[in-house]
Amino acid sequence: MEDSVNVEKALDIIKRNILSIISSMLLVGVLATLITYFIMTPKYEAETQMLVSSPSDSVIVNFENIETNLQLIHTYRDIILSKTILEDVITNLGLSQTVEELSKQITVTNQDQSQVLSIVATDASAQQAEQISNEVAIVFKERIVEIMYVDNISIYAPADVAPGIDPVSPQPLINIAIGMVAGLILGLIWAFSKAYFDKSVKNEIDVYNVLGLPVVGSLAKFED
Numbered sequence: 001m002e003d004s005v006n007v008e009k010a011l012d013i014i015k016r017n018i019l020s021i022i023s024s025m026l027l028v029g030v031l032a033t034l035i036t037y038f039i040m041t042p043k044y045e046a047e048t049q050m051l052v053s054s055p056s057d058s059v060i061v062n063f064e065n066i067e068t069n070l071q072l073i074h075t076y077r078d079i080i081l082s083k084t085i086l087e088d089v090i091t092n093l094g095l096s097q098t099v100e101e102l103s104k105q106i107t108v109t110n111q112d113q114s115q116v117l118s119i120v121a122t123d124a125s126a127q128q129a130e131q132i133s134n135e136v137a138i139v140f141k142e143r144i145v146e147i148m149y150v151d152n153i154s155i156y157a158p159a160d161v162a163p164g165i166d167p168v169s170p171q172p173l174i175n176i177a178i179g180m181v182a183g184l185i186l187g188l189i190w191a192f193s194k195a196y197f198d199k200s201v202k203n204e205i206d207v208y209n210v211l212g213l214p215v216v217g218s219l220a221k222f223e224d
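Just so we're aligned, residue 1 is where the sequence shown starts under the numbering used here, counting upward by one.
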């Protein structure tokens with residue numbers, strides 16, 4: 001009995017405040033829309049793929065060479081994001097970013113047991129993201145010979161961003177959906193908080209909650 005009353009009370013609170021709850025949901029949804037389209041800066045991605053192969057003087061490719069290359073990949077990731085590489089990239093492209101800022105725009109990924117390294121650059125300009133991604137790969141390929149005395153890097157898939165490509169962020173539909181859900185939650189919190197602090201008796205459910213007695217009847221309101 002008590003559980004059913006609690007459910008009825010919750011539904012009654014929602015019903016009485018439905019307009020406020022919907023308004024909150026729509027308001028936050030509209031706010032999320034405005035922020036997405038007018039405040040957040042679109043971000044574009046460009047990816048350059050490199051192959052870590054056996055040294056050029058090695059004709060026979062064996063499992064030992066492949067295993068060595070896979071171990072080197074972890075080292076290569078750190079070198080790609082190092083000050084040595086990124087300073088050259090900044091100079092070559094005439095970028096205004098610092099090394100630290102540029103490093104945050106670059107992600108180096110590698111699938112398990114794969115000899116392919118992917119350099120993904122993110123920027124507010126699709127063209128600049130492409131330039132950064134490709135330049136990082138070019139500089140790394142040149143400098144790795146000096147740093148580790150190996151020449152086993154080949155760029156087999158340079159970044160090539162198509163005109164009119166969609167930004168990877170922000171994602172309007174997701175942002176708006178999150179905004180509306182947040183608005184719904186805020187509306188419900190407001191409705192239940194209001195009901196919790198409001199001690200006035202409004203209906204039969206309130207009578208039961210206050211007095212602990214079942215309601216056997218009710219009187220209709222008569223207008224003069």
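Yeah, the Cβ is synthetic: ideal placement off N, Cα and C, and Gly gets one too.
In the displayed model, Asp123 falls within a strand according to three-state DSSP. Using a Cβ distance threshold of 7 angstroms, Ile21 and Gly179 do not count as a contacting pair. Ala182 is positioned such that its CB atom lies closer than 7 angstroms to that of Val28. Distance from Val120 to Glu8 at the Cβ level is roughly 54 angstroms; contact not present, criterion being Cβ atoms closer than 8 angstroms. Remark: C-beta atoms of Val139 and Ile79 do not approach each other more closely than 7 angstroms.
Shown here for Leu184: same chain residues with a beta carbon closer than 6 angstroms to its own, the five before and five after excluded, namely Met25 in chain order.
Taken in chain order, the whole beta strand (DSSP E) runs of length 3 or more contained in the stretch 96-177 are 106-109, 116-123, 153-157. In its chain, beyond the 5 residues on either side, Thr41 have a beta carbon closer than 6 angstroms to the beta carbon of Ala124. Under the DSSP assignment, Thr48 falls outside any alpha helix (DSSP H), being part of the beta strand (DSSP E) whose first and last residues are 44-52. In the three-state scheme derived from DSSP, where H, G and I count as helix and E and B as strand, Leu72 is classed as helix. Short of 6 angstroms from the beta carbon of Pro170, and not among the five residues preceding or following it, lie these beta carbons of its own chain, in chain order: Thr36, Met40. When the beta-carbon positions are compared, Glu135 and Val89 come within less than 7 angstroms of each other. For Gly29, the enclosing alpha helix (DSSP H) begins and ends at 18-34. If the five residues before and after Thr48 are omitted, its C-beta is found closer than 6 angstroms to the C-beta atoms of Ile119, Ser133, Asn134, Ala137, Pro158, Ala159, all from its own chain and listed in chain order. Glu87 has its alpha-carbon roughly 10 angstroms from the corresponding atom of Leu93. Straight-line spacing of the CA atoms in Ala10 and Ala191 works out to 10 angstroms.
The beta carbon of Ile176 sits closer than 8 angstroms to those of Gly29, Ala32, Thr33, Thr36, all from its chain and outside the five residues before and after it, given in chain order.
For Thr84, the enclosing alpha helix (DSSP H) begins and ends at 83-93. DSSP places Asp198 in the coil class of the three-state scheme, outside both helix and strand.
Residue state for Met180 is assigned as helix, using DSSP reduced to three classes.
Your pair Val52 and Leu72 checks out as a contact, with CB atoms roughly 6 angstroms apart and the cut at 8 angstroms. When the Cα atoms are used, Asp166 and Phe197 turn out to be separated by approximately 48 angstroms.
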